[in-house]
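Per my numbering: the sequence shown = residues 43 to 494. For glycine and all other residues, C-beta sits at the position ideal for the given N, C-alpha and C. Just so you know, these numbers come straight off a predicted model, no measurement behind them.
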Amino acid sequence: MDINAVAIRKLVFPLMRIAKGNNTIDYIKSMQDSQYLSKEDMHKLQKDKLSKLLMHCVKNVPAYADYKYLIPAIEEDAFSALRKFPILTKQQVNNNTDNLICANTDKSTLTPNQSGGSSGEPVRFFIDRPTAENSEAARWRGLSWWDINIGDKCLMVWGSPLELNKRENLIYNMKERFLKNIIFVPAYSLNPQSIQKYVNMINTQKPVYFYGYASALHLLAQLMINKNIKIKYKLKGIVSTSENLYDFQRKTIEQAFDCPVINEYGARDAGIIAYECPKGRMHISAENMIVEILDIQTNQPVEPGKPGLVVITDLNNFSMPRLRYKLGDVAALSKESCECGRTLPLIEKIEGREDDIFIALNGNYVHAVYFCNLARSYPSIMQFQIIQQSRTDILLRIIKSHTFKESEIQAYIDEIYKLMGPVNVIVEYTDTIEPTASGKIRYSKRDFPISI
Ligand SMILES: [Zn+2]
Numbered sequence: 043m044d045i046n047a048v049a050i051r052k053l054v055f056p057l058m059r060i061a062k063g064n065n066t067i068d069y070i071k072s073m074q075d076s077q078y079l080s081k082e083d084m085h086k087l088q089k090d091k092l093s094k095l096l097m098h099c100v101k102n103v104p105a106y107a108d109y110k111y112l113i114p115a116i117e118e119d120a121f122s123a124l125r126k127f128p129i130l131t132k133q134q135v136n137n138n139t140d141n142l143i144c145a146n147t148d149k150s151t152l153t154p155n156q157s158g159g160s161s162g163e164p165v166r167f168f169i170d171r172p173t174a175e176n177s178e179a180a181r182w183r184g185l186s187w188w189d190i191n192i193g194d195k196c197l198m199v200w201g202s203p204l205e206l207n208k209r210e211n212l213i214y215n216m217k218e219r220f221l222k223n224i225i226f227v228p229a230y231s232l233n234p235q236s237i238q239k240y241v242n243m244i245n246t247q248k249p250v251y252f253y254g255y256a257s258a259l260h261l262l263a264q265l266m267i268n269k270n271i272k273i274k275y276k277l278k279g280i281v282s283t284s285e286n287l288y289d290f291q292r293k294t295i296e297q298a299f300d301c302p303v304i305n306e307y308g309a310r311d312a313g314i315i316a317y318e319c320p321k322g323r324m325h326i327s328a329e330n331m332i333v334e335i336l337d338i339q340t341n342q343p344v345e346p347g348k349p350g351l352v353v354i355t356d357l358n359n360f361s362m363p364r365l366r367y368k369l370g371d372v373a374a375l376s377k378e379s380c381e382c383g384r385t386l387p388l389i390e391k392i393e394g395r396e397d398d399i400f401i402a403l404n405g406n407y408v409h410a411v412y413f414c415n416l417a418r419s420y421p422s423i424m425q426f427q428i429i430q431q432s433r434t435d436i437l438l439r440i441i442k443s444h445t446f447k448e449s450e451i452q453a454y455i456d457e458i459y460k461l462m463g464p465v466n467v468i469v470e471y472t473d474t475i476e477p478t479a480s481g482k483i484r485y486s487k488r489d490f491p492i493s494i
């Protein structure tokens with residue numbers, strides 16, 4: 043038995059509740075019930091919360107003061123009223139931080155946060171306790187579907203917390219280790235030389251589950267497969283977060299660990315958006331947020347099944363509300379229901395980031411996930427990165443495998459031509475593909491705005 047896990051469940055969380063007024067445990071209990079609400083009851087729950095939030099915004103949040111005229115519309119139907127509010131971009135959040143904070147909120151009670159900025163400038167924002175705790179509750183609820191509970195020992199494969207200096211880093215690690223039962227493996231230190239050491243550590247410490255960026259977990263799995271190393275016990279699951287989880291990554295991770303790979307769709311600047319259930323479907327944290335999927339060009343809602351931009355309205359953040367916040371991801375909703383019995387709405391597929399969408403010479407949108415999956419079918423390519431630099435130029439960075447054949451690269455380029463048209467493909471062979479500042483590896487990226 044993991045004494046630390048029991049202590050965290052029985053002692054740390056209950057004490058935090060008393061000493062700090064932390065309500066996470068209550069939120070989890072409530073969400074365990076609301077995950078089975080009928081469609082109508084969930085709609086009502088969302089509508090009531092949304093109505094309160096919108097009223098609050100027009101009355102108390104300077105950035106939304108001009109929308110008081112929508113009060114009758116909000117009273118009539120909060121969902122329709124929401125669509126009358128503008129889409130909020132990341133840049134607007136950065137330019138209007140103070141205006142987005144509720145006039146009655148004491149800023150010193152809020153927690154500053156910022157997104158990792160894996161594509162462009164990080165977004166700076168504030169969250170309040172209810173928002174953070176509800177988001178954490180949504181994560182624990184999702185993990186509970188896999189029999190993973192508060193305090194269970196976790197191995198986190200992560201970039202080191204960048205902003206922290208050495209001493210703070212040490213304190214941070216100690217805190218995570220003893221209060222949350224988390225062991226860290228810095229993603230940047232994973233390499234063929236260090237892998238055995240980490241696997242030995244895993245076998246000794248026996249974490250119940252792993253948690254990390256898809257690309258970092260994939261790297262860990264790949265190194266283990268290449269060296270033919272396995273861990274000696276069965277994990278409850280490996281949770282992939284913060285990045286699009288590609289099929290090839292899921293397969294490699296499953297192969298290396300022989301356990302379920304659990305997709306968590308979350309973002310620093312939006313909380314836990316959806317969680318994968320054991321039936322393989324992504325359930326939205328509907329109690330916490332409204333997820334809209336909008337057409338890339340018109341910003342109008344698209345039908346379920348059709349991919350579009352993910353726009354989030356967090357229903358708990360009354361301190362710095364961000365209505366219709368454009369996350370920069372592309373996904374589709376699903377109308378279907380899930381066999382697991384949970385009635386929380388579903389996201390059908392998460393296609394990746396907005397800037398993963400390439401524009402072909404004929405104007406077609408081509409999702410770069412296609413090129414990423416395709417690259418995996420050529421053994422010559424060990425690692426790659428594909429960047430559309432302009433409508434006519436594509437940069438292909440490739441780390442060669444030991445079975446490298448020039449002809450395979452040419453075949454890959456021919457496939458690019460088929461979808462993109464006769465663009466210029468520049469191939470750059472390299473030894474390393476640097477992760478972004480947050481430790482994530484971008485496999486694909488469009489470097490210019492979609493409107494050009
Ligand atoms: Zn389900």
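Look up residue i in the DSSP assignment and give the residues it is bridged to.
i	result
residue 470	439
residue 282	254 and 305
residue 98	None, per the DSSP bridge assignment.
residue 343	336
residue 166	156
residue 409	399
residue 394	372
residue 356	331
residue 389	324 and 375
residue 432	435
residue 316	307 and 326
residue 446	Partner(s): none; residue 446 has no beta bridge.
residue 423	442
residue 367	130 and 354
Between residue i and residue j, is the Cβ-Cβ spacing less than 9 Å?
i	j	result
residue 453	residue 428	no
residue 354	residue 279	no
residue 117	residue 150	no
residue 470	residue 416	no
residue 434	residue 466	yes
residue 156	residue 300	no
residue 232	residue 251	no
residue 443	residue 421	yes
residue 95	residue 87	no
residue 147	residue 170	yes
residue 48	residue 254	no
residue 306	residue 394	no
residue 66	residue 182	yes
residue 373	residue 335	yes
residue 352	residue 337	no
residue 475	residue 439	yes
residue 103	residue 64	no
residue 441	residue 455	no
residue 327	residue 180	yes
Kindly list the residues whose CB is nearer than 6 Å to the CB of residue i, restricted to its own chain and excluding five residues on each side of it in sequence; keep chain order.
i	result
residue 106	99 and 100
residue 377	346
residue 298	263, 266 and 267
residue 513	Outside the displayed span of the chain (43 to 494) sits residue 513, for which this structure offers no information.
residue 91	357
residue 137	none
residue 274	245
Helix, strand or coil, according to DSSP, for residue i in the structure here?
i	result
residue 130	strand
residue 151	helix
residue 476	coil
residue 228	strand
residue 45	helix
residue 173	helix
residue 295	helix
residue 200	strand
residue 490	coil
residue 351	strand
residue 288	coil
residue 57	helix
residue 275	coil
residue 69	helix
residue 454	helix
residue 267	helix
Among the residues of its own chain, which have a CB less than 7 Å from the CB of residue i, if the five just before and after it don't count?
i	result
residue 414	288, 485 and 486
residue 358	172, 173, 176 and 330
residue 130	364, 365, 366, 367 and 368
Kindly list the residues whose CB is nearer than 8 Å to the CB of residue i, restricted to its own chain and excluding five residues on each side of it in sequence; keep chain order.
i	result
residue 115	122, 123 and 126
residue 488	397, 398, 399, 400, 401, 410, 429 and 430
residue 207	The predicted position of residue 207 is uncertain, since its pLDDT is 49 and thus under 50; no value can be drawn from it.
residue 294	260, 263, 264 and 267
residue 385	77, 78, 79, 80, 81, 84 and 379
residue 383	78
residue 497	The requested residue 497 does not occur in the structure, where the chain is confined to residues 43 to 494.
Tell me the start and end of each unbroken alpha helix (DSSP H) in the segment 71 to 122 that is at least 4 residues and wholly inside, in chain order. List check, alpha helix (DSSP H) in window: 81 to 102 and 113 to 118.
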